[in-house]
Amino acid sequence: MSTMSPPVPPGVTQGRSATARLAWLDALRGFAALVVVLFHLSPIAIGDHYHSVMGRHFDMGKFGVLLFFLVSGYVIPMSLERHGSPRKFWVGRLFRIYPAYLASIAVFFALTLAGVVEVPASLRQETVAGTLGHVPMLQEFVGVRGVVRPFWTLSFEMVFYLIVVGLFVWGLHRYSALWAAGLMLTAALAGPALPRDLFGATAADRRLLAAVLVVAVAASILAYVTGRRRLVLPAAVLGLCFVALPLFNGHSTRWGTANSSWQATFMLAVMFAGTVIYRAQYGQLSRKLAIPVLALVAVGVALTTWLSVGGKYELIKWCTTAVAVVVSFAIAFALRHRRVPAVLVWLGAVSYSLYLLHVMVLHAIAEILPEGVLDHVPGRFAVSAAFLIIALIAAWLSYRFVEQPGQRLGRRVQRYLDARLGPETWSRPAAVPAAAGEAPEPVRAAS
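Numbers 1 to 447, taken from full-length UniProt numbering, label the letters of the sequence shown in order.
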């Protein structure tokens, strides 16, 4: 069966930019990574006291992460729908994210052997669950801390990929507004009533959950790679089931970064908000529907936290954080047709490696600091500058010698699979009718 690829959105070039990367999104991704880096640097740069004061009024780390999630929500459906092929999507994703992921794990254990960092307590106490959880990048939902602290966001990314591909295969991908609003309303209205550890209340449960997730994710991806209808459609159903992880197992242990299932759920809602922006921009979703949904998500981030936790500072912190995310994305979006400075595009290119490696660079520098060097402003400035330079160099080296070769290998693997397995034979079920105000979408079948 021949393939009719989805139309490439305006502003997305083909050829070398087949990954559908847009310069303004690269810049925004780079900015988000830098924000997270500066958040982790701030105790050194400005001192613990001012870091704590800032944290009561503004969560700089969550600001960067939520901005990342919004960008992912925008980009991932574009990447999938541009090719119309789950096989191409998954091969591309795996060879995009796993090489740097595995390299950062190798760096971590090298630093462990050198005595610079320690294996997290959760991994020492629950080695089997932790090891298995890292295989599909879902350790956050297993309840075990990642060997590198920022790994927790990758668990959300993986869940989002699985859900989005499932929606695409069944022709439900244009219901992104319903997903964004539904997840946010669930987080706000259910709040603490959502179970935090439905699948992982005990260590034995977590070991079983981790093993099941490894098998489920591997089986799903292999099914998509075959391209066979009898395997792809069940894999898509299984993919939709992964929404249960943030909904019902968002904080199964004290090691979870999300402090509850309701918080994990609204983080997933933010990712779908990014998809809503993408669909509204390209006429697949009425702006009359998109704007209220986006407002609901933005307000819901702060309101849900206040309703579930309470406290003046929690409300202030999450209000300022939500506003910062909205304003940052809005500014970048408004300037999307302007020429983006090359340094920002470069920062976006290395942002993934920077995000993965910067905490380990910080630990390594802290290990060799002379005593008293942080007692004075010049010392803090010098250490901060050295850290940023070293972290950026490390990120570039990882991008140049790990990420890029990994992506080239992925393209070769894709060509091999296409030649070996032949065209994909699944076809999408009947298309979902366009909602009022939505642009019609061409019928597509993956070959």
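C-beta atoms are modelled at their ideal positions from N, C-alpha and C, and glycine is treated no differently.
{"query": "Pair every Cβ in the stretch 173-189 with every Cβ in the stretch 262-276, then say whether three or more of these pairs are closer than 8 Å.", "result": "yes"}
{"query": "Could you tell me the alpha carbon to alpha carbon distance between V252 and P246, rounded to whole angstroms?", "result": "The sequence as given places Ser at residue 252; Val does not occur at that position. If I take the Cα positions, the gap works out to 10 Å."}
{"query": "Would you report the Cα separation of A395 and E367, rounded to the nearest angstrom?", "result": "20 Å"}
{"query": "Under a three-way DSSP split, which group does A322 fall into?", "result": "helix"}
{"query": "Consult DSSP for E314 and reduce its assignment to one of helix, strand or coil.", "result": "helix"}
{"query": "Could you work out which residue in R96, S85, I76 is closest to R400 when comparing CA atoms only?", "result": "R96"}
{"query": "Where do the N-terminal and C-terminal ends of the alpha helix (DSSP H) with W179 fall, by residue?", "result": "176-190"}
{"query": "For T425, does the three-state DSSP call read helix, strand or coil?", "result": "coil"}
{"query": "Roughly how many angstroms separate the alpha carbons of Y355 and F156, rounded to a whole number?", "result": "15 Å"}
{"query": "In the structure shown, what three-state DSSP assignment does F242 receive?", "result": "coil"}
{"query": "What residues in its chain sit with their C-beta under 6 Å from that of V217, if we drop five residues either side in the sequence?", "result": "P136"}
{"query": "Would DSSP call H173 helix, strand or coil?", "result": "helix"}
{"query": "Please name the residue in A280, A419, G47 whose C-alpha comes closest to that of G174.", "result": "Looking at the sequence itself, residue 174 is Arg, so the reference to Gly does not match. For the residues A280, A419, G47, the minimum Cα distance to R174 belongs to A280."}
{"query": "Hey, P195 and S260 are a contact pair by Cβ (cut 8 Å); roughly how many whole angstroms apart?", "result": "That pair is no contact at about 10 Å."}
{"query": "Could you tell me the boundaries of the alpha helix (DSSP H) in which I46 lies?", "result": "Looking at the DSSP string, I46 is not in any alpha helix (DSSP H), and its letter there is neither H nor E."}
{"query": "Would you kindly report the start and end of the unbroken alpha helix (DSSP H) that includes F63?", "result": "60-83"}
{"query": "Whose C-beta lies closer than 6 Å to the C-beta of L231 among residues of the same chain, with five residues either side of it excluded?", "result": "A223"}
{"query": "Rounded to whole angstroms, how far is the Cβ of V164 from the Cβ of L34, which I believe are closer than 8 Å?", "result": "Going by Cβ atoms, the distance from V164 to L34 rounds to 26 Å, so no, they are not a contact pair."}
{"query": "With a floor of 3 residues, list each beta strand (DSSP E) that falls wholly inside the stretch 188-224, ordered by position along the chain.", "result": "none"}
{"query": "Closest to A103 by CA distance: which of Y352, D418, F381, A386 is it?", "result": "Y352"}
{"query": "Can you give, in chain order, each stretch of the alpha helix (DSSP H) that sits fully within the stretch 343-372 and has at least 4 residues?", "result": "351-368"}
{"query": "If we ignore side chains and look at the alpha-carbon of each, how far apart do V214 and S52 end up?", "result": "38 Å"}
{"query": "So L388 is in the alpha helix (DSSP H); what residue range does that whole segment cover?", "result": "377-398"}
{"query": "State the CB to CB distance for the pair L294 and I277, rounded to an integer number of angstroms; the pair is presumed to be in contact (CB under 8 Å).", "result": "7 Å"}
{"query": "Identify the continuous alpha helix (DSSP H) that holds G133 and give its terminal residues.", "result": "127-134"}
{"query": "How about A129 and A210: do their beta carbons lie closer than 8 Å?", "result": "yes"}
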